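Working notes, beginning with the structure itself.
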Amino acid sequence: MKLFKFHLITSLIFTALLAYSCQKSPGAKPGPGGVPSEQSIRKTVDQRFPFTPNQPFSATYICGRRNSNLIWHFRFGTNQNMQVLFTTDTYDDYAFNGSYTYQNDQLRLMMPGGPTMPFPQGLDEVSRVIMPQFGLIGGFSTDNMICICEGHDMNVQAPPVQIAHYDCPEINIQAATYEDNAVEFVLQSLPFNQTVNGSIFRHQDTYISGKTNPNIRRGYGIYRQDGDQFWATFSLFKDFVDFAGNQLPFAIQTSLPFDDFNLLSGRFGANDREVSIDQLSPETGPCRLE
Numbered sequence: 011m012k013l014f015k016f017h018l019i020t021s022l023i024f025t026a027l028l029a030y031s032c033q034k035s036p037g038a039k040p041g042p043g044g045v046p047s048e049q050s051i052r053k054t055v056d057q058r059f060p061f062t063p064n065q066p067f068s069a070t071y072i073c074g075r076r077n078s079n080l081i082w083h084f085r086f087g088t089n090q091n092m093q094v095l096f097t098t099d100t101y102d103d104y105a106f107n108g109s110y111t112y113q114n115d116q117l118r119l120m121m122p123g124g125p126t127m128p129f130p131q132g133l134d135e136v137s138r139v140i141m142p143q144f145g146l147i148g149g150f151s152t153d154n155m156i157c158i159c160e161g162h163d164m165n166v167q168a169p170p171v172q173i174a175h176y177d178c179p180e181i182n183i184q185a186a187t188y189e190d191n192a193v194e195f196v197l198q199s200l201p202f203n204q205t206v207n208g209s210i211f212r213h214q215d216t217y218i219s220g221k222t223n224p225n226i227r228r229g230y231g232i233y234r235q236d237g238d239q240f241w242a243t244f245s246l247f248k249d250f251v252d253f254a255g256n257q258l259p260f261a262i263q264t265s266l267p268f269d270d271f272n273l274l275s276g277r278f279g280a281n282d283r284e285v286s287i288d289q290l291s292p293e294t295g296p297c298r299l300e
């Protein structure tokens, strides 16, 4: 099963970010046989990766801006440099440099203006809401923008290859249905085909007898790794909307991408050529690198 690359992935994320989908999803729930619950995953991640505010950081965010149909990407570096990337409707890629500060629990984003700049009057915005999650800023908003973390450079380890695609065994096999999953680490989801460290993508197909096409669910997220163990979340956007409440700069609706598990946990094996995921029936065998 091959996963969607840049343009389809970013279109999917942008659709979710602006909440044009109102699909209902009950969210992850504890599974049988000792599958870790969402609560236990969050607790483990908080203990392994405590959040330290007001420090420079290295992470990438996908953003929606008021009165803009573009997909914006903001990359923050530990040297307090900031890069803004976007792709136009004609598929032209652009990148511009700015800077940021993170002090007194507030982000300040700055970029000079000019007739050829993305913000002709310049950019000088401060955060109104910051949500810590997975040991980093999981999402933030300004008066004009909502941003969700799509990757980071806080994992010491990395997959054996970029865009590491793992195909999983078929699970939940019944008389008339079965489920097929794949996960991909370190996506190529930025303009100029740049990769995003710390990112993860899950693709779930449910095949039903008598139907030509499967039911397809897709979700993007971030993951943290410690040794051979990892933890991933696909619920950052929904969590941020709930966290921010009525403080968001514009009204949005959202839902979770999966109706089974939106937080995953597991471990890498066989020199990172395999990954076993607790929530995807690991007893059937590991997901293997293709």
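The numbering of the sequence shown is my numbering, which starts it at 11 and goes up by one.
The C-beta atom is built at its ideal place from N, Cα and C for all residues, glycine as well.
Every value quoted in this text rests on a predicted model; they were computed, and no experiment measured them.
Assuming the contact rule is C-beta atoms closer than 8 Å, residue i and residue j should be a hit. Round their C-beta distance to whole Å, please.
i    : j    : result
Y71  : I158 : 6 Å
S78  : M92  : No, S78 and M92 are not in contact; Cβ-Cβ is about 18 Å, not under 8 Å.
R76  : N182 : No, R76 and N182 are not in contact; Cβ-Cβ is about 42 Å, not under 8 Å.
F61  : L146 : 7 Å
N225 : I218 : 7 Å
Q9   : F260 : Any property of residue 9 remains undetermined from this structure, which presents the chain solely from 11 to 300.
V94  : P142 : With a Cβ gap of about 23 Å, V94 and P142 do not count as contacting.
Given that a residue counts as buried once 16 or more other Cβ atoms are within 10 Å of its Cβ, and exposed if not, what is residue i?
i    : result
S151 : buried
P36  : Residue placement at P36 is poorly supported in this model, since its pLDDT is 37, which falls under 50; the coordinates are not used for a value here.
S31  : Residue placement at S31 is flagged as unreliable, the pLDDT there being 31, under the threshold of 50; a coordinate-derived value is accordingly withheld.
E194 : buried
E300 : exposed
N281 : exposed
P267 : buried
D252 : exposed
P40  : For P40, the predicted structure reports a pLDDT of 44, less than 50, and the residue's modelled location is therefore unreliable. The matter cannot be settled from this model.
S21  : The pLDDT assigned to S21 is 42, lower than 50, so where the model puts this residue is not dependable; a value taken from the coordinates is nonetheless given after this. It counts as exposed.
D134 : exposed
I23  : Legend: pLDDT at I23 = 46, less than 50; position of this residue unreliable, value from coordinates given subsequently. With 16 or more other Cβ atoms within 10 Å, it is buried.
V171 : exposed
D99  : exposed
G295 : exposed
P292 : buried
N89  : exposed
L27  : For L27, the predicted structure reports a pLDDT of 48, less than 50, and the residue's modelled location is therefore unreliable. The matter cannot be settled from this model.
Is it true that the CB of residue j sits closer than 7 Å to the CB of residue i?
i    : j    : result
P179 : T97  : no
Q239 : R277 : yes
A105 : H162 : no
V136 : Q113 : no
D215 : D249 : no
E48  : L274 : no
F244 : G229 : yes
Y176 : V285 : yes
A168 : I210 : no
F86  : F59  : no
G124 : Q131 : no
Q257 : R138 : yes
Identify which residue in the options has its Cα closest to the Cα of residue i.
i    : options                   : result
I81  : S199, L290 and D163       : S199
Y101 : F211, P122, N203 and P267 : N203
V166 : S219, G123 and G237       : G237
I140 : I226, N225, D269 and G255 : G255
C73  : Q184, I156, T294 and G279 : I156
R283 : N64, G148, I173 and F271  : I173
N223 : T205, G231 and T187       : T187
G279 : L290, I226 and R298       : R298
S265 : L133, T294 and R227       : R227
G220 : P63, A261, L95 and A185   : A185
T111 : V196, D270, Q65 and K53   : Q65
S50  : G149, T294 and F144       : F144
H83  : G149, I287 and Q57        : G149
T205 : E160, R212, A192 and K53  : E160
A192 : D103, N107, T126 and I287 : I287
Give a yes or no on whether 7 Å exceeds the smallest Cβ distance from residue i to chain B.
i    : result
I156 : Of the chains in the structure shown, none is chain B; there is only one protein chain.
Worksheet entry | Unbroken stretches of the beta strand (DSSP E), 3 residues or longer, contained in the region 93 to 131 | 103 to 113 and 116 to 121
Worksheet entry | 4-residue-minimum alpha helix (DSSP H) runs that sit fully inside the region 219 to 268, ordered along the chain | 246 to 254
Worksheet item: Can you give, in chain order, each stretch of the beta strand (DSSP E) that sits fully within the region 129 to 179 and has at least 3 residues?
Response: 133 to 136, 139 to 143, 146 to 151, 155 to 162 and 174 to 177
Item to complete: Tell me the start and end of each unbroken beta strand (DSSP E) in the region 42 to 78 that is at least 3 residues and wholly inside, in chain order.
Response: 69 to 75
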